[in-house]
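Those protein sequences? They're chains E and Z, same order as listed. Residue 112 is where the first sequence starts when you use the working numbering, and the numbers rise one by one after that. Residue 5 is where the second sequence starts when you use the working numbering, and the numbers rise one by one after that. The beta carbon of each residue, even a glycine, is placed where N, CA and C say it ideally should be. Since this is a predicted model, take the numbers as computed values, not measurements.
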Amino acid sequence: MSGAAARSRKDLSERTLAFLLLAPAAILLALIVVYPIADLVYSSFFTIQLAQPWLGEPFVGFDNYVHAFGDERFWLAVVHTAIYAVVTVPGALVLGLGLALLANLPFKRKWPVRLGLLLPWALPLVFAGLIFRWFFEYQQGLVNDVLTRFGIEPVAWLTDPRLAMGAICVAILWKTSSFMALMLLAGLQTIPKSLYEAAEVDGASTWQQFVEITLPMLRPAIFVALIFRTITAIQTFDIPYAMTGGGPGESTETLAMYIHKTTLDFLDFGYGSALATLMFVISMIATSVYLRQTRRSAGRGAD
Amino acid sequence: MLPKRRVVVWIAGAIVAINGFFPAVWILFTSLKTESELMQFPITYLPAAPTLANYYQAFTEQPLPRFLFNSFVVATLSTALCVLVSALAAYALTRLRVPRRNLIMAALMGVAMFPLISLMVPLFKLMRELGLLNTYLALILPYAVLSMPVCTLVMASFFQEIPPDLEAAAMIDGCSRVGALFKVVIPLSAPGVFTAAILAFVNAWDEFLLALTMMNRASMRTLSVGITLYQGEYAFPWPLISAALIVAIVPISLLIAVFQERVVGGLTAGGVKG
C-alpha cells in the first residue's frame, strides 16, 4: 500500500470508521429485531387470519387486546406462566446457591464439578424436557420406581394437571439451577479469602460466616441472577412443550405456548401478534430492571 | 487437610457431578436396553444385555445424519456471521470514540433478553414473504443476531486488554485501522474470539422455537426439533428416543468438555446468556 493511500485511510475520521464498523450489526438488528417488532405491534391492530384469506386484513383497533382480556385460555396461560416463575425463580436460586457453595470447595480435580455444572446448561431445553418426561413416566419411569421401592403407590405424574405442573417445575429447576450456580460461583470467587480467615480467628461458625459474609457479598450477583431467571421464566416454552405439550387439556400451557398455538396452529396472526406484544411489554419491563441492576453492580465492581 | 474435611469435599463434588451427569447417564442406559427389557417390572437400572439396535433404528427411522448435518451447517454459519459482525462492533465500541456508547451497550443487553416468542411471530411472516422458510438462512440470520450481544460483550472485554501501543505500532508500519484490527487486535484476543464462537455455537445448536417454526420440511429439521419426531401419536419408544438423544448430546458435550474453562469464563463475563 502506498504511503498516501495509507494516510488517507488513517485520515478517515474515527467517527466514520466507528459508524462503518457498527453498520453490519445495526443492519442485522434492524432486519431481525427492529422491523419484526414494529411489524408485530402494527399487526396486533388488524385481523389477520391466514386460514381465512377472504376476511381480508381489516383494521380493528384495540379489538385483539380487548379480546385477550375476555379470553379465559389466555388468563389461564398467564396464571400457569406465573406459577412456573413463582416456583422456579426462587427455587433455582436456592438450588443454584447450594450447588455454587458445593462447587466452590477446594477440589483436587476441578473438571467433574465444572462439567457437572456446564452439562445441564449445554443441553437443549427440549432434551431436558424429554429426559424428565421419561423420569416421570407412569410405568417405566425412574421416579415411580423409587416411590414403589419405598412402598408408595405409583403416581400418574403427567396426566394429573397439578402433578404435571410439579414435574415440569422439577425439570425447569434442574435445567436452570446449574447456570444460576455458575453465575453465583463467579460471585463467590470474588469474595476475598481474608474475610473468612478473619472471621475464623474471631471464632465465627460456618453458618455465621455464610450469613455475615457470603450472603451480603453475594447480593449483587444474586439479584442479577434472579432477574435473569425471571426474564427467562416469563418465556417458558420448550420444557412443558416436550413434557406435556400443554396438557392434559390446557392445564400446563404457558403464555408462550398459547401464542405459538394461536399463530402457527390456528393461524390467527392478528390475535397472536397482540398476545406477543403483551409478552414483549412484560419482558421489557423486567429487562429494564435487570439492566439498571447490572449497570449498578458493574459500577460497584469498578470501584 | 484433615481426612474428614477431605471426605466432605469429595462428597460435595460427587453431588454436583451426579446432579449434572445423571440424566444423561440414565438416557445412555435406556438407549442400550431392548424393548422387552424395558417392559420388565420392576424396572432394571443397568442394561441386562446391552444392544446397539436402538442406535441402528434411530439412524434408519428418521434422517438423523441429515438432522446432524443441518444443525452443524446452521450453527457453524451463524457462528461465523455472528463473530465477524460482533468483532467489528466490539472493536468500535472499545477502541473508537462512539457517541452514546453506554446506550448502545445497554440496548445490546436488552436485545439479549428479548422474548423469542414475540420475535417468532413476525419473523415467520418475514421469512415467508422473503421465501426463506425451509432454508438455512431462515435460522442463520436470527441465530447470528441473537448471539450478537453476548459475543460483542465477551470480545469487547478481551479487546480492552490489548495495549493501544501495539495497534499504534502496526499503524505506523503502514497498517490501516481495519488492518490493525485483523492483524493485531483479533489475533491477540484469540481466546476471546474463540469463547464468543463457542457460546454462539451452543446457542444455535440448542435453539428450538425458531427451528420448529421456520423449518417444517423433514429434511430441513435441525437436531433439537428432529429428536421430537421419534415419538408417535400415543407411543413413546423410549430406547429409540434415548439413542437419538445420545447421538445428539455427544457432539455438544465434547465441545463443552474440551473448552470448559473458556465457556465458564465467557458465560460469567457478561452475566448474560443469549
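Check                                                                                                                                      : Outcome
Spatial distance of Gln319 of chain E from Trp285 of chain E (CA atoms)                                                                    : 28 angstroms
Contact list for Val224 of chain E against chain Z, beta-carbon separation under 8 angstroms                                               : Gly17, Val20, Ala21
Any chain E beta carbon closer than 9 angstroms to Tyr140 of chain Z                                                                       : no
Under 7 angstroms (Cβ pairs) to chain E, residues found in the stretch 197-210 of chain Z                                                  : Val206, Asp210
Of the residues E:Trp222, E:Leu132, E:Met390, the one placed nearest Ile260 of chain Z, counting alpha carbons only                        : E:Trp222
Cβ neighbours of Leu170 of chain Z in the same chain (closer than 6 angstroms, five flanking residues each side left out)                  : Val188
Val12 of chain Z burial status per 10 Å Cβ neighbour count (16 or more: buried)                                                            : exposed
Member of E:Asp271, E:Ser288, E:Pro265 whose CA lies at the smallest distance from the CA of Pro46 of chain Z                              : E:Pro265
Exposure label - Asn23 of chain Z; buried when at least 16 CB within 10 Å                                                                  : buried
Under the three-state DSSP convention, the category Gln404 of chain E falls into                                                           : helix
Three-state class that DSSP yields for Phe205 of chain Z in the structure shown                                                            : helix
Beta-carbon proximity of Leu123 of chain Z to Pro147 of chain E, cut-off 9 angstroms                                                       : yes
Listed by chain order, chain Z residues near Gly227 of chain E by CB distance under 7 angstroms                                            : Val20, Ala21, Asn23, Gly24, Phe25
Residues of its chain near Ala115 of chain E, where Cβ-Cβ distance is below 7 angstroms and the 5 sequence neighbours each way are ignored : Because Ala115 of chain E carries a pLDDT of 49, less than 50, the predicted location of this residue cannot be relied on, and the following value inherits that uncertainty. The answer is none, since no qualifying residue turns up.
Cβ-Cβ separation, Tyr369 of chain E to Phe185 of chain E (assumed contact under 8 angstroms), whole Å                                      : 6 angstroms
Proximity test, Cβ basis, 9 angstroms: Glu171 of chain Z and chain E                                                                       : no
Near-chain E residues of the stretch 114-128 of chain Z (beta-carbon distance less than 8 angstroms), N- to C-terminal order               : Gly114, Val115, Met117, Phe118, Pro119, Leu120, Ile121, Ser122, Leu123, Met124, Val125, Pro126, Leu127, Phe128
Cβ of Trp165 of chain E within 9 angstroms of any chain Z Cβ                                                                               : no
Beta-ladder partner(s) of Phe170 of chain E, from DSSP                                                                                     : E:Phe157
Exposed unless 16 or more other CB atoms sit within 10 angstroms - verdict on Met43 of chain Z                                             : exposed
Inter-residue CB distance, Ser161 of chain Z and Leu203 of chain Z (contact presumed, cutoff 8 angstroms)                                  : In fact, because the Cβ distance is near 13 angstroms, the residues do not count as touching under 8 angstroms.
Rounded separation between Leu228 of chain E and Leu204 of chain E - CA only                                                               : 14 angstroms
Presumed contact (8 angstroms Cβ cut-off) between Ala200 of chain Z and Ser90 of chain Z, rounded CB distance                              : 6 angstroms
Leu187 of chain E at chain Z interface by Cβ criterion, 9 angstroms                                                                        : no
Rounded C-alpha distance that separates Gly278 of chain Z from Ala111 of chain Z                                                           : Its pLDDT being 32, under 50, Gly278 of chain Z is placed unreliably in this model, and the value from its coordinates should be taken loosely. Each residue's Cα considered, the two are about 14 angstroms apart.
Own chain, CB closer than 7 angstroms to Ser399 of chain E, minus 5 neighbours either side, in chain order                                 : none
Nearest candidate by alpha-carbon position, reference Ile338 of chain E, set E:Ser394, E:Lys219, E:Pro351, E:Val312                        : E:Ser394
Selection from Z:Pro27, Z:Val262, Z:Gln264, Z:Pro195 that minimises the alpha carbon distance to Gly252 of chain E                         : Z:Pro27
Integer-rounded CB distance, given that Ala239 of chain E should sit under 8 angstroms from Leu296 of chain E                              : 20 angstroms between Cβ atoms; not a contact.
Below-9 angstroms beta-carbon distance, Glu165 of chain Z vs any chain E residue                                                           : no
Cross-strand partners of Asp376 of chain E (DSSP beta bridge)                                                                              : The partner list for Asp376 of chain E (beta bridge, DSSP) is empty, contrary to what the question assumes.
Exposure label - Lys129 of chain Z; buried when at least 16 CB within 10 Å                                                                 : buried
Three-way DSSP call (helix, strand, coil) for Ala115 of chain E in this model                                                              : Reliability fails at Ala115 of chain E, whose pLDDT of 49 lies under 50, so the model's placement of it is uncertain and no value is given.
4 or more residues per run - each alpha helix (DSSP H) lying fully within the stretch 121-164 of chain Z                                   : 141-163
Alpha carbon of Leu366 of chain E to alpha carbon of Thr192 of chain E, nearest angstrom                                                   : 6 angstroms
Nonlocal neighbours in the same chain, by C-beta distance under 7 angstroms from Ser75 of chain Z, ignoring five residues either side      : Trp209, Thr226, Leu227
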